[in-house]
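Q: Here you go, one structure.
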Amino acid sequence: DAAALMASTSPSPPQRILTQDELKKIAAYKAVEFVESGMVLGLGTGSTAKHAIDRIGELLRQGKLSNIIGIPTSTQTHNQASSLGIPLSDLDTHPVLDLAIDGADEVDPDMNLVKGRGGSLLREKMIEGCCKKFVVIVDESKLVDYVGGSGLAMPVEIVPFCWKFTAQKLQSLFEEAGCVAKLRVSPENGKPYVTDNGNFIIDLYFKKDIGDLKAAGDAILRLAGVVEHGMFIDMATTLIVAGELGVRVRNK
Ligand code: 5RP
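As structure tokens, this is what we get:
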């Protein structure tokens, strides 16, 4: 299990190359060490967060944790957590959370994040913005020099109405950074991907650094068709990175 994997990575180098999923699991298990009985917990979405939720479920079953209330950031996480017997609630009932644990698609040197390639950025941002502590769990492939630096998408959730118009506006905002805006489509049916909130996602690809993230985020949010963007600026309080040489914990 992850505890054994972690022991194998620290302090001496591992005996074999760990898979990306094993690294995700190591980061996730490390984050769950911050969880205490009685906490209200934000439960993230994605393959890394899934390991953390599994672990919380396991500790509850073993009686090593109790009185946890989970606030899920997606329907997918809601289903996983309820199948594990984790008691669930929402922001209406619990507007202040002790801790949230979630993955990320990119992490820059200042611990700014790109999230939402899994499509749950809006609920993640609402929930993770209400946490006393927000622990981000990644394998080291997610570390970038600047937001957009992986060459992969920075997602923006928009309303479906006249989505081409909004996509064009988004692309124009970042013309200087060589931005290309693409509607996300569902691989299953080739139709527009629909979020848990009934919206579409525009994925923005940048050729260059977009510079001031706060200014970029504000400009995106000023477009009327935009619901939220996937840059999580200055939100993470703790970063856990699992790599071949072990697991590192960094506090902001
Ligand atoms: C979902 C997210 C995920 O946290 C992000 O996509 C990372 O996913 P994974 O842990 O599967 O690599 O933001 O909206």
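In full-length UniProt numbering, the protein residues as written are 12 to 263.
The C-beta atom is built at its ideal place from N, Cα and C for all residues, glycine as well.
Since the model is a prediction, treat every value here as computed from it, not as a measurement.
1. What does the alpha-carbon distance come out to for the pair V46 and I64?
2. Using the Cα positions of V258 and L124, report the straight-line distance between them to the nearest angstrom.
3. What do you reckon, is the C-beta of L132 under 8 Å from a heavy atom of ligand 1?
4. State yes or no: is the C-beta of E151 nearer than 8 Å to some heavy atom of ligand 1?
5. Per the DSSP calculation, I148 is bridged to which residue(s)?
6. Thinking C-beta only, is A253 closer than 9 Å to L34?
7. Flag E135 as yes when its Cβ comes closer than 8 Å to any non-hydrogen atom of ligand 1, and as no otherwise.
8. To the nearest whole angstrom, what separates the beta carbons of I79 and M122, a pair I think is in contact under 8 Å?
9. Quick test of the definition: if touching needs 3 or more C-beta pairs under 8 Å, does the segment 68 to 77 touch the segment 125 to 137?
10. Using 8 Å for Cβ pairs, my map puts E151 next to E239. What's the rounded Cβ distance?
11. How would you call K225, buried or exposed, if buried means at least 16 neighbouring beta carbons within 10 angstroms?
12. For D101, which residues in the same chain have their Cβ closer than 7 Å to its Cβ, ignoring the five residues on either side in sequence?
13. How far does the beta strand (DSSP E) with I79 in it reach, from first residue to last?
14. Between which two residues does the beta strand (DSSP E) containing K193 stretch?
15. Expressed to the nearest angstrom, what Euclidean distance is found between the alpha-carbon atoms of W174 and V237?
16. Under 8 Å: does the beta carbon of A253 sit that close to some heavy atom of ligand 1?
17. Check each candidate in S197, L194, P171 and M242 and name the one with the smallest Cα separation from M137.
18. According to DSSP, simplified to helix, strand and coil, what is G159?
19. Can you pull the DSSP bridge partners for N262?
20. Hey, out of A235, S183, M165 and D220, whose CA is closest to I213's CA?
21. What does the Cβ neighbour count give for L108, buried or exposed, with the cut at 16 atoms within 10 Å?
22. Using 8 Å as the Cβ pair cut-off and three pairs as the minimum, do the segment 219 to 234 and the segment 169 to 189 touch?
A: With the structure as the only source:
1. 11 Å
2. 19 Å
3. yes
4. no
5. I251
6. yes
7. yes
8. Rounded, the Cβ-Cβ distance is 26 Å, inconsistent with contact.
9. no
10. Rounded, the Cβ-Cβ distance is 27 Å, inconsistent with contact.
11. exposed
12. I82
13. Here I79 belongs to no beta strand (DSSP E), and DSSP marks it neither H nor E.
14. V191 to L194
15. 10 Å
16. no
17. M242
18. coil
19. T249
20. M165
21. buried
22. yes
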